[in-house]
Every structure is written in structure tokens, then in C-alpha cells.
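Novice: Letter 152 of the sequence shown, counting from 1, is numbered 178 in this note's numbering, and no numbers are missing.
For each residue, glycine too, the CB sits at the ideal point set by N, CA and C.
In this text the structure is predicted, and so the values were computed from the model without any measurement.
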Amino acid sequence: MNEPNQSDPVDSNAAPDAERNRLAVLEAELVEARAEQLRLHAEMDNQRKRLARDAESARKYATDRLLAELIPVADSLEAGLGVQAADATKLREGMQLTLRLLDKALAGNGVSTVDPLGVAFDPEAHQAMSMVEAPGQAAGTVVTVFQKGYRLNDRLLRPAMVAVARDSE
Numbered sequence: 027m028n029e030p031n032q033s034d035p036v037d038s039n040a041a042p043d044a045e046r047n048r049l050a051v052l053e054a055e056l057v058e059a060r061a062e063q064l065r066l067h068a069e070m071d072n073q074r075k076r077l078a079r080d081a082e083s084a085r086k087y088a089t090d091r092l093l094a095e096l097i098p099v100a101d102s103l104e105a106g107l108g109v110q111a112a113d114a115t116k117l118r119e120g121m122q123l124t125l126r127l128l129d130k131a132l133a134g135n136g137v138s139t140v141d142p143l144g145v146a147f148d149p150e151a152h153q154a155m156s157m158v159e160a161p162g163q164a165a166g167t168v169v170t171v172f173q174k175g176y177r178l179n180d181r182l183l184r185p186a187m188v189a190v191a192r193d194s195e
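(1) Can you list, in chain order, the residues of its chain with a C-beta nearer than 7 angstroms to that of serine 156? Leave out the 5 residues immediately preceding and following it.
(2) According to the neighbour-count rule (16 or more other Cβ atoms, all chains shown, within 10 Å of its Cβ), is leucine 117 buried or exposed?
(3) Taking only three categories from DSSP, how would you classify threonine 115?
(4) If you check the beta carbons only, do glycine 136 and valine 168 fall under 8 angstroms apart?
(5) Given that a residue counts as buried once 16 or more other Cβ atoms are within 10 Å of its Cβ, and exposed if not, what is alanine 131?
(6) Alpha carbon to alpha carbon, how far is alanine 78 from tyrosine 87?
(7) For the beta strand (DSSP E) holding valine 171, just list the boundary residues, first then last.
(8) Going by beta carbon distance, what residues of the same chain come within less than 8 angstroms of threonine 199, once the five residues before and after it are set aside?
(9) Could you tell me the distance, in whole angstroms, from the CA atom of proline 98 to the CA atom of glycine 134?
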């Protein structure tokens, strides 16, 4: 039989060593967790800064494609103004070519026209400037377009300004 006094020193030495080992493991895990937290925090901060730079760049250069397509329109207008002795026919042809350049630039950037001649008045896309007598046209039909409207993709930029047929009474 062993006496309790002889086993106590062995048990009492083993328990503190195990606790020290466990404490050392936990401290190492804590140091590793803190380092991982710092890495994640730095990574999030870098991502936030990168996103802010990207957003600023997008704001700054959002229109560069459109503007690059409008430069030939300006060139065409300047060339037309530089011609000294142009007859009305040539001037008109030059203006038509310039308008085609402009239409192409607008369409290439998601801009479409709202030209509602002959369709039912839509208050979401048209602005009625007047109501007129229009024999042969149904009431509420657009009979004159004073100014075309424009959409950017699905958003209305400017409503079409129109005259609408009124009820014939």
C-alpha cells in the first residue's frame, strides 16, 4: 500500500504542469486570434480605401465614353461653321450628318428618343403643351411634337412636349 504522502507530491507537480501547458496553449491561441483580427482589420481598411478610390474614379470618369463620342460632333459643327460659301442644300446635308453623329453617340450611351406622334398621351413620358382640335384623331392622341423627349435606359431625362387632340363636341 502506498501512503498518501508519497503520491501527493507527484500529483501536485503533474497538475500545475498540465495547467501551465494548457495556459500556454490558450495564450498562443489568443496571440494568434489577435494577429488574425489585426490582419482582417487591415484588410477591411484596405478594401474600404480601394472601394472609395474606385468610386471616386467612377464619378470622375463616368462620362468619358460619351464625351469622346461627342467630340466628332463638335468637330463637325466647327467644320460647318468654317465653310464660307455654302448653299442651303449643303448646309442642310452637313447638319443632317452632324445630327446622325450625335444620335449615334447618344444611342451608344443608352439614350433613346421619345417621339410620340400619333400615340396616346402618356403623362409619364409626355408634357402636354396644348389641346387642339384634330379632326380624324381620337381624343388624347398626340398630334404635334414640339420637342422630343429623351430616356437614359429606362429613366426619363426629359418628357416630350406635345399637343394633344381634344374631344370634339
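Specialist: Concretely, from the data shown:
(1) Ala189
(2) exposed
(3) helix
(4) no
(5) buried
(6) 14 angstroms
(7) 168-173
(8) In the structure displayed, the chain extends from 27 to 195; residue 199 sits before or after that span and is not available.
(9) 14 angstroms
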